[in-house]
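Some notes on the structure that comes next.
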Amino acid sequence: MGRTRIETAFSKARGEHRAVLVTYLMAGDPDLETSYQALCALRDNGADIIELGAPFTDPMADGIAIQKAGLRSLAAGTRLTDVIALAARFRKDDQTTPLILMGYANPVHSMGYVRFAEAAAKAGIDGSILVDLPPEEDAPLREIYAKYDLSVIRLATPTTNEARAAKVAEGASGFIYFVAVTGVTGAGSADPAAIAGQVAMVRKVSGLPVCVGFGVKSGAQAAEMAKIADGVVVGSAFVEKAGDAQASGRFGDAAPAMGRLVRELRSAVDSVHKA
Amino acid sequence: MDLRNTWDKWPDANGRFGEFGGRYVAETLMPLVLELEAEYRKAKQDPAFAAEMQDLWTHYVGRPSPLYFAERLTEHFGEAKIYFKRDELNHTGAHKINNCLGQVLLARRMGKKRIIAETGAGQHGVATATICARFGLECVVFMGETDVERQKPNVFRMRLLGAKIVPVSSGTGTLKDAMNEALRDWVTNVETTFYCIGTAAGPHPYPEIVRDFQSVIGVEARAQILEREGRLPDAVMACIGGGSNAIGLFHPFINDEGVRLIGVEAAGHGIETGLHAAALNGGRPGILHGNRTYLLQTDDGQIIDAHSISAGLDYPGIGPEHAFLRDAGRAEYLSCTDDEALAAFQLCTRLEGIIPALEPAHAIARVGEVAKELGPKGLMILNMCGRGDKDVFSVAKALGVEM
C-alpha cells in the first residue's frame, strides 16, 4: 500500500498542475491526543503528505525548534510504539494521505527492523526518513521494507554531486527529500536560485519526485520552492505551534493554528502553476 | 570466523569492526566523510606527512613518553610488576594531543581553516586549541555546561590559547551533548570546517584515524618493555570513556595473543544504580554519533545520560573497535566506581608522587586485582593517560575539602 499512496499523491498534484505540500509534525508534542487533532487539521487544510516525527534524545541534524519538540514529546512519555499507534488511529478513517515516519535510526534499530517494519506497515505508515541512515548503511532496512512495500526516502543536500546523487537514488523510493541548506532544520533561509539546478539534477538522476525542505517557513518561500521542485516540505514552523500550545497550556490551540498555517502554505503552493 | 592473528586487519572497507562502526551520518556529511577517508589514505602513504608528524611529536609534544617502573605501587600490592606509560608528561598533560596533531595536519592538507572539537574533561579541547594556536587556525570547542563548570582551569586554558568555547546546555550538558552540537555545527559549516574528534568513535574513518594516531603509545610501550624486561607484558591496562588512550595502547599488542588487553570503564555510583558510564558492562548495541556500538539506552532506544566523576569518561557510548574486541573475546572490560577512582587517585599520588587524572585513576583502581591474577612473575603496563592537575578542584569537592 505504502508506495501506491505516495505515488498517488504526486500524480494527483501533477494532474492539478501544482506542487505537493509536505508537512512535518512531532508525534506526542505536547501530547498524543493533540497530535491526532493536528494530523486531521493538517490533512483537512491541504497537506498532501505528512511526516510524522518520532522523538529522539540526540537529534544531531535538528535545530532548536525540533530539538525542543522532541524533548517535549519524550517528557510526555512518547515511545516509538505510540507513534505507530498514532498513525494507525489516523489511518482508520484516512486511506489516502501518505504518512512518513521521520526520525533517527536508533529507536528503530532498538525495536528491530523486522518488528518495526511489520508494525509500521500494519499501522498504515508508508515509509520512513531516518536522518542518520545513509545509503551506505540502510541495506538491511531496505531489504525488509521491500517485503512490506514501505518506502526508504533518502536525503540529498547541497553537498550532493551527480555521482553521489546516483548513490542516493539507488534503492530509494517514494521521493527524494532535498535539504535546501547545509545546516540543521529550521536554521537559515533557503535560496531557491542557488539550488534550482541541483534539484533538477537530482530529479533527473533519480527519476523520482524531489521535495525541498529545511529553511522553508512562509507562504512566499513555499511558492518559490514550488517553482523548482515537485514538492515543498515545511516542518519547524508547525512544530513551533505545538510549542506555543505547550507554553500557554492551551493544547487545543495547536491543531487550529497548524490548520491555518497549512491553508496559507497550500494557497501559496497552489498559486504556482506547474506545466 | 577465525580471528587469530588478524586483529589488526580491521576496520573493513565499509568502516566496520565486525558488526560495529560504520558511517551513520546525515547525508550532508557523507561526501566529506568519504573525502576524509581518501585524504587519510593518501597521507598515510606520504613520507612527508609522517616526517612532519614525527618532528612535532619529538620537539613539540615531547615523545617518546617514558615507561616508568612504579616500584612502590608494585610493592604495595606485592604481586606483578607494574609499569606506567607516562603519557601524562606530553605537552598539555594528556594523550589527547597525539591525535589532535595528526588530525590538524590532515585538516591542513584538506585546506580547512576552521577546526571544531567537542570536549568533556577539556583535555581534548586544550590539545586541539594548542595545535590550532601553533598553526594559526580558528578553533571552536563545544563543551557541556556541566563540564564547563567542573573543568574551569581547562576552560581558561583554552581561552588563553585563542579558542572560542561554546557551552552546551542541552541534555545533561556533558560530552554527548557537546558532540551533538559539534555535529550540528559541522553540518552547517561543512565546506570550511574540519571536525577534530577526540575519541576513537564517530563515523568511519574517525575510529581508525584516532586509533592510528594514538597507537604511538603502544608502539613505544612495546619497544620500551622489550628493552627493559626482554619480554612482552602479560597485560596492558587503560581506562575507557570513548576509548582512545586504550585503543592506542592495545592496538600494537593486538596480535600478541599472550598479552591481555584490559579496559576499565567508569561505573559512577555503581552499574546496578543506573548512574554510570559503562557502555560495555551496562549497555547494548545501538546507533549514535555516526557509529554502531554499545550504548547506554532505554528499552525504547533513547540515549541515557552517562554519569561519572570523571568528565573524560562521562559518555554513554564507546569506540566501535572496543565493542568488537569485547564481543570477540580479545579484550576484557572491567569497571570502577567514582569512590574507587578517588581512592586510587590518592593512593597513586602518595605512593608514586604522580597525581593522575581521574580518568587513569579508574584503571589504577583495578591494577591490584590484575597484578594478583598475574602473580609475582607477572608484568603489566598501565597507561597514565593524563595528569590530575585539572581535577584537583573536583577531587577536593568530592573529599569535602574547602579550597
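First to last, the sequence lines map onto chains F and Y. For this note's numbering, add 13 to where a residue sits in the first sequence, where the first one is 1. For this note's numbering, add 69 to where a residue sits in the second sequence, where the first one is 1. All C-beta atoms in this analysis are idealised placements derived from N, C-alpha and C, irrespective of residue type, glycine included.
Separation of ALA380 (chain Y) from MET449 (chain Y), as counted between CA atoms: Reading the second sequence from its first residue, position 380 is the one you call residue 449 (chain Y). Reading the second sequence from its first residue, position 311 is the one you call residue 380 (chain Y). Going by the C-alpha atoms only, they are around 26 Å apart.
Beta-carbon proximity list for ALA60 (chain F), same chain, < 8 Å, skipping 5 on both sides: The residue you call residue 60 (chain F) lines up with position 47 of the first sequence. Beyond the five residues adjoining it in sequence on each side, ALA60 (chain F) comes within less than 8 Å, by CB distance, of LEU34, VAL35, THR36, THR110, VAL275 and ARG279 in the same chain, given in chain order.
Segments assigned alpha helix (DSSP H), at least 4 residues, entirely inside the region 121 to 185 of chain F: 126 to 136, 152 to 161 and 175 to 182
Cβ contact (3+ pairs, closer than 8 Å) linking the region 80 to 97 of chain Y and the region 178 to 198 of chain F: yes
Contact belief for LEU480 (chain Y) with GLY332 (chain Y) at Cβ below 8 Å, rounded distance in angstroms: Residue 480 (chain Y) cannot be examined here, being either before or after the span of chain Y that is shown, 70 to 472.
As assigned by DSSP and simplified to three states, the class of TYR49 (chain F): Your numbering for residue 49 (chain F) matches position 36 in the first sequence. Helix, per DSSP.
Identity of the residue in F:ILE63, F:GLY137, F:ILE19 and F:ALA239 nearest ARG31 (chain F) by Cα: Counting from 1 along the first sequence, the entry for residue 31 (chain F) is found at position 18. Just measuring C-alpha positions, the residue of F:ILE63, F:GLY137, F:ILE19 and F:ALA239 sitting nearest ARG31 (chain F) is F:ALA239.
Same chain only: Cβ atoms within 6 Å of ARG155 (chain Y), ignoring 5 sequence neighbours per side: As a working note, residue 155 (chain Y) is residue 86 in the second sequence. These residues qualify, in order along the chain: SER134, PRO135, TYR137 and MET453.
Proximity winner among F:MET271, F:ARG18, F:GLU175 and F:ALA152, relative to ALA185 (chain F) (alpha-carbon distances): To locate residue 185 (chain F), count along the first sequence from 1; it is residue 172. Checking every option, the nearest Cα to that of ALA185 (chain F) belongs to F:ALA152.
Straight-line gap, LEU38 (chain F) to ASP204 (chain F) (C-alpha atoms, nearest Å): The residue given as residue 38 (chain F) occupies position 25 in the first sequence. The residue given as residue 204 (chain F) occupies position 191 in the first sequence. Cα-Cα distance, rounded: 24 Å.
Whole-angstrom C-beta distance between ALA107 (chain Y) and ARG178 (chain Y), which should lie under 8 Å: Taking the second sequence and counting its residues from 1, one reaches residue 178 (chain Y) at position 109. Taking the second sequence and counting its residues from 1, one reaches residue 107 (chain Y) at position 38. No, ARG178 (chain Y) and ALA107 (chain Y) are not in contact; Cβ-Cβ is about 11 Å, not under 8 Å.
Extent of the continuous beta strand (DSSP E) to which ARG92 (chain Y) belongs: For the purposes of this step, residue 92 (chain Y) is taken as residue 23 along the second sequence, with counting starting at 1. Looking at the DSSP string, the run of the beta strand (DSSP E) that includes ARG92 (chain Y) is 89 to 93.
Nearest neighbour of GLY337 (chain Y), chosen from Y:ALA346, Y:CYS169 and Y:GLY162 [CA to CA]: For the purposes of this step, residue 337 (chain Y) is taken as residue 268 along the second sequence, with counting starting at 1. Ranking the options by Cα distance to GLY337 (chain Y), first place goes to Y:ALA346.
Where LEU364 (chain Y) falls: helix, strand or coil (DSSP): Working through the second sequence from its first residue, we reach residue 364 (chain Y) at position 295. Looking at LEU364 (chain Y) - three-state DSSP - the assignment turns out to be strand.
Distance between ASN249 (chain Y) and THR70 (chain F) (C-alpha atoms, nearest Å): Reading the first sequence from its first residue, position 57 is the one you call residue 70 (chain F). Reading the second sequence from its first residue, position 180 is the one you call residue 249 (chain Y). Computed Cα separation, rounded: 10 Å.
7 Å CB neighbourhood of ASN350 (chain Y) in its chain, flanking five on each side removed: Residue numbering aside, residue 350 (chain Y) sits at position 281 when the second sequence is read from its first letter. Counting only Cβ-Cβ distances below 7 Å, and skipping sequence neighbours, we find GLU334, ILE340, TYR402 and SER404.
At least 3 beta-carbon pairs within less than 8 Å: the region 158 to 170 of chain F vs the region 230 to 244 of chain Y: no
Rounded Cβ spacing between VAL144 (chain F) and TYR117 (chain F) (contact assumed at less than 8 Å): Walking along the first sequence from the start, residue 144 (chain F) turns up at place 131. Walking along the first sequence from the start, residue 117 (chain F) turns up at place 104. Between VAL144 (chain F) and TYR117 (chain F) the beta-carbon gap is near 6 Å, inside 8 Å, which marks them as a contact.
Touch test, the region 79 to 93 of chain F against the region 133 to 141 of chain F, Cβ-Cβ under 8 Å, three pairs minimum: no
Separation of HIS391 (chain Y) from GLY398 (chain Y), as counted between CA atoms: In the second sequence, the residue the question calls residue 398 (chain Y) occupies position 329. In the second sequence, the residue the question calls residue 391 (chain Y) occupies position 322. Between GLY398 (chain Y) and HIS391 (chain Y), the C-alpha separation is close to 10 Å.
Residues near GLU298 (chain Y) in its chain [Cβ-Cβ closer than 7 Å; skip 5 each side]: The count along the second sequence starts at 1 and reaches residue 298 (chain Y) at position 229. Hits under 7 Å: LEU448.
Contact with chain Y by GLY256 (chain F), beta-carbon distance below 8 Å: Looking up residue 256 (chain F) in the first sequence gives position 243. With 8 Å as the cut-off, GLY256 (chain F) does not count as an interface residue toward chain Y.
DSSP beta-bridge partners of THR406 (chain Y): Reading the second sequence from its first residue, position 337 is the one you call residue 406 (chain Y). Paired residue(s): Y:GLY337.
Beta strand (DSSP E) runs wholly inside the region 254 to 311 of chain Y, at least 3 long, in chain order: Taking only runs of at least 3 residues, the beta strand (DSSP E) segments lying wholly in the region 254 to 311 of chain Y are 262 to 264 and 304 to 309.
7 Å Cβ cut-off: residues of chain Y touching GLU150 (chain F): Position 137 of the first sequence, counted from the start, is the residue given in the question as residue 150 (chain F). Near GLU150 (chain F) (Cβ distances below 7 Å), the residues of chain Y are GLY91, ARG92 and TYR93.
Best match in Y:THR215, Y:GLU144 and Y:GLN192 for proximity to GLU428 (chain Y) [C-alpha to C-alpha]: Mapped onto the second sequence, residue 428 (chain Y) falls at position 359. The shortest C-alpha separation from GLU428 (chain Y) is found at Y:GLN192.
Closest by C-alpha distance to PRO171 (chain F), when choosing among F:PRO147, F:ALA200, F:ALA209 and F:ALA159: By one-based count along the first sequence, residue 171 (chain F) stands at place 158. Of F:PRO147, F:ALA200, F:ALA209 and F:ALA159, the residue nearest in Cα terms is F:ALA209.
Beta carbon proximity, MET212 (chain Y) to chain F, threshold 8 Å: Position 143 of the second sequence holds residue 212 (chain Y). Output row for MET212 (chain Y): interface = no.
Inter-stretch contact (C-beta, 8 Å, three-pair minimum) for the region 77 to 92 of chain Y and the region 239 to 259 of chain Y: no
Distance between beta carbons of THR257 (chain Y) and ARG183 (chain Y), contact taken as under 8 Å: The count along the second sequence starts at 1 and reaches residue 183 (chain Y) at position 114. The count along the second sequence starts at 1 and reaches residue 257 (chain Y) at position 188. Contact flag wrong, Cβ pair sits at about 11 Å.
Test item: CB-CB of ARG92 (chain Y) and VAL102 (chain Y) under 8 Å: Within the second sequence, the letter at position 23 stands for residue 92 (chain Y). Within the second sequence, the letter at position 33 stands for residue 102 (chain Y). ARG92 (chain Y) places its beta carbon less than 8 Å from that of VAL102 (chain Y).
Chain-ordered neighbours of ASP369 (chain Y) on chain F, where CB pairs are closer than 7 Å: On the second sequence, residue 369 (chain Y) is found 300 positions in, with the first residue counted as 1. Correct list: ARG92, LEU93, PRO120 and SER123.
Beta carbon of ILE286 (chain Y) nearer than 8 Å to that of HIS128 (chain Y): By 1-based counting over the second sequence, the position of residue 286 (chain Y) is 217. By 1-based counting over the second sequence, the position of residue 128 (chain Y) is 59. No; because the gap between Cβ atoms is not below 8 Å, this pair is not in contact.
CB contact below 8 Å: ARG177 (chain F) versus chain Y: Numbered from its first residue, the first sequence carries residue 177 (chain F) at position 164. So, interface residue.
CB of ASN168 (chain Y) within 8 Å of CB of SER313 (chain Y), strictly: On the second sequence, position 99 is the one that residue 168 (chain Y) refers to. On the second sequence, position 244 is the one that residue 313 (chain Y) refers to. Yes, the pair counts as a contact, with Cβ atoms nearer than the cut-off.
Extent of the continuous alpha helix (DSSP H) to which GLU108 (chain Y) belongs: For the purposes of this step, residue 108 (chain Y) is identified with residue 39 of the second sequence, where counting begins at 1. Start and end: 99 to 114.
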